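Q: According to this note's numbering, the sequence shown is numbered sequentially starting from 1180.
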Amino acid sequence: MPSGVGVEIVVVVALLVILIAAFVVGLRLRGRPEVPAAAPARAPTDLAARVHDLFKGERVTDADWERLERALVQADAGTKAAREIVRRVRDRYEPGTDPQDLLVAELAERFEGDPGLSLPGPLAIVMVVGVNGTGKTTTIGKLARHFRERGRSVALAQSDTFRAAAGEQLSVWAERAGADLVAQERGADPGAVAHDAVEAAIARGRDVLIVDTAGRIHTKQPLMDELTKVRRVLEKAAGKPPDEVLLVVDATTGQNGIAQARRFVEAVGVTGIALTKLDGTAKGGIVVAIREELGVPVKVVGTGESIDHLAVFEPTAFARSLVRG
Ligand code: GDP
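Okay, structure coming up:
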């Protein structure tokens, strides 16, 4: 055993070694060019930047139109939609018109006339489905806040009885948003929770009931069947089908998100998309692909992690931000 003085010497030597190592590493790093901590994720795929570069010249060339089509594909708009959008913008283009304005108008038009959120009284029922991790729970919390701010009373139903953490998470969001929570113990029948929730919401005179469901791996048929059952139970208990079946899609999953969405559309009759993480991607064009390929309107978008980061989808504002940055 080293004596007390011996221990002190060992500690001092160890500290000196650490200091010298830190100094040497510091010297090496100083010689390097600075690497940004987070690569500028928006730069390579940012449609606005590309479009801006494209239309700087006096004339718009064939190559410019081809580049625009590629830029739209790179922004996740999908090949078919990209081709059609460029064809239509090109048809409308005349020297002197601004191709960017034409593009904004063309994009916005694709969503014109789409219905917004439908929340008829006395009790509007919103069923929320989606794969785990897409932002389902967060979106439910944001929606609850959104409705509360508009004077509606809100109840949340915890029909995801599978994940223990999901229950806790939802109760935190309920509290933040000022909504009631209807839940049962873990492992309870999701259909039974849905039924109770409708009865409780009616008894308490709530305006909106938002029903969480277990995150589904869309390739697992029994799990999709369970979702169909929850929908049926809601319909029976309320005497009407859910007013909205919102599918939460993570914008950063790109074209995979569309494949996922297709299965949900088939299983539960999705009425609208809640597109999350639009802040974290330069590829907002996925909204175009979803509309084109699934024919389902995008109703709300998530633009961040906090409770106020939800916006009702607005075609012209969306198109402008996609094209103009
Ligand atoms: P769930 O498993 O589908 O219920 O997903 P969660 O609601 O737990 O969200 C998964 C992760 O995505 C969490 O870290 C959330 O903070 C994050 N998230 C959800 N919506 C958004 C959004 O609109 N923008 C960003 N940047 N993150 C989000």
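No residue lacks a Cβ here, since even glycine has one placed at the ideal position from N, Cα and C.
Just so you know, these numbers come straight off a predicted model, no measurement behind them.
With DSSP collapsed to three states, give me the class of Q1400.
A: Residue 1400 sits at position 221 when you count from the first residue of the sequence shown. Helix, per DSSP.
Q: In whole angstroms, give me the CA-to-CA distance for A1371 and L1296.
A: Here residue 1371 refers to the residue found at position 192 of the sequence shown. Here residue 1296 refers to the residue found at position 117 of the sequence shown. One C-alpha to the other measures close to 26 Å.
Q: Are there any heavy atoms of the ligand GDP lying less than 8 Å away from the beta-carbon of K1259, as far as the coordinates show?
A: Against the sequence shown, residue 1259 aligns to sequence position 80. Answer for K1259: no, Cβ out of range of the ligand GDP.
Q: Whole angstroms is fine: what's the gap from A1228's alpha carbon to L1413's?
A: Here the question's residue 1228 lines up with position 49 in the sequence shown. Here the question's residue 1413 lines up with position 234 in the sequence shown. Cα-Cα distance, rounded: 46 Å.
Q: Does the segment 1427-1446 come within contact of the segment 1455-1473, defined as at least 3 CB pairs closer than 8 Å?
A: Yes, the segment 1427-1446 touches the segment 1455-1473.
Q: For L1501, which residues from the same chain have a beta carbon less than 6 Å from its beta carbon, with the 5 sequence-adjacent residues on both sides left out?
A: Within the sequence shown, residue 1501 is the residue found at index 322, counting from 1. So the qualifying residues of the chain are L1226 and G1463.
Q: For A1260 versus V1230, is the C-beta distance shorter than 9 Å?
A: Locating residue 1260 in the sequence shown gives position 81, counting from the first residue. Locating residue 1230 in the sequence shown gives position 51, counting from the first residue. No.
Q: Taking the beta carbon of I1264 as the centre, do at least 16 other beta carbons fall within 10 Å, making it buried, or is it exposed?
A: Locating residue 1264 in the sequence shown gives position 85, where the first residue counts as 1. Per the 10 Å Cβ criterion, buried.
Q: Which runs of the alpha helix (DSSP H) at least 4 residues long sit entirely within the segment 1309-1386? Give them in chain order.
A: Whole alpha helix (DSSP H) segments, 4+ residues: 1315-1328, 1343-1356 and 1369-1382.
Q: With 16 as the cutoff for other CB atoms within 10 Å, does K1235 come out buried or exposed?
A: Mapped onto the sequence shown, residue 1235 falls at position 56. K1235 should be labelled exposed.
Q: Alpha carbon to alpha carbon, how far is A1382 from R1289?
A: Against the sequence shown, residue 1382 aligns to sequence position 203. Against the sequence shown, residue 1289 aligns to sequence position 110. About 41 Å.
Q: Go through the segment 1244-1274 residue by residue and report every complete run of the alpha helix (DSSP H) that reaches 4 residues or more, in order.
A: Segments of the alpha helix (DSSP H) lying fully in the segment 1244-1274: 1258-1271.
Q: Sorted by chain position, which residues of the same chain lie with C-beta nearer than 6 Å to D1453's C-beta, five sequence neighbours on each side aside?
A: Reading the sequence shown from its first residue, position 274 is the one you call residue 1453. First, the amino acid is wrong: residue 1453 is Ala here, not Asp. For A1453, where only same-chain residues beyond five positions count, the Cβ hits under 6 Å are T1318, L1425, V1427 and V1479.
Q: Tell me whether H1231, by its Cβ, gets closer than 8 Å to a heavy atom of the ligand GDP.
A: One-based indexing of the sequence shown puts residue 1231 at position 52. No, the Cβ of H1231 stays beyond 8 Å of every heavy atom of the ligand GDP.
Q: Can you give the Cα-Cα distance for L1206 and L1282, rounded to whole angstroms?
A: By one-based count along the sequence shown, residue 1206 stands at place 27. By one-based count along the sequence shown, residue 1282 stands at place 103. Bear in mind that a pLDDT of 40 at L1206, under 50, signals an unreliable position, so the number given afterwards is only what the model happens to contain. Between L1206 and L1282, the C-alpha separation is close to 51 Å.
Q: Look at the Cβ atom of V1449, then the Cβ atom of G1394, and state whether they are nearer than 9 Å.
A: Start at 1 with the first residue of the sequence shown, and residue 1449 comes out as number 270. Start at 1 with the first residue of the sequence shown, and residue 1394 comes out as number 215. For V1449 and G1394, no; Cβs fall outside 9 Å.
Q: Which residue or residues does DSSP assign as beta-bridge partners of V1283?
A: Reading the sequence shown from its first residue, position 104 is the one you call residue 1283. None; V1283 has no bridge partner.
Q: Look up V1444 in the DSSP assignment and say whether it is helix, strand or coil.
A: The count along the sequence shown starts at 1 and reaches residue 1444 at position 265. The answer is helix: DSSP assigns V1444 an H, G or I state.
Q: When you compare only the Cα positions, how much space is there between P1278 and E1248?
A: Locating residue 1278 in the sequence shown gives position 99, where the first residue counts as 1. Locating residue 1248 in the sequence shown gives position 69, where the first residue counts as 1. Approximately 13 Å, taken between the alpha carbons.
Q: Closer than 6 Å by C-beta to A1222: which residues in its own chain qualify, once you throw out the five before and the five after it? Chain order, please.
A: For this step, residue 1222 is matched to residue 43 along the sequence shown. In this predicted model, A1222 has a pLDDT of only 37, less than 50, meaning its place in the structure is not dependable enough to derive any value.
Q: Checking 9 Å against the spacing of the C-beta atoms, do G1320 and W1352 come in under that value?
A: Numbered from its first residue, the sequence shown carries residue 1320 at position 141. Numbered from its first residue, the sequence shown carries residue 1352 at position 173. Yes, Cβ-Cβ distance for G1320 and W1352 is below 9 Å.
Q: To which residues does DSSP link G1481 through a beta bridge?
A: Counted from its first residue, the sequence shown places residue 1481 at position 302. Paired residue(s): L1489.
Q: Flag G1483 as yes when its Cβ comes closer than 8 Å to any non-hydrogen atom of the ligand GDP, and as no otherwise.
A: Within the sequence shown, numbered from 1, the residue matching residue 1483 stands at position 304. For the ligand GDP, at least one heavy atom lies less than 8 Å from the Cβ of G1483.
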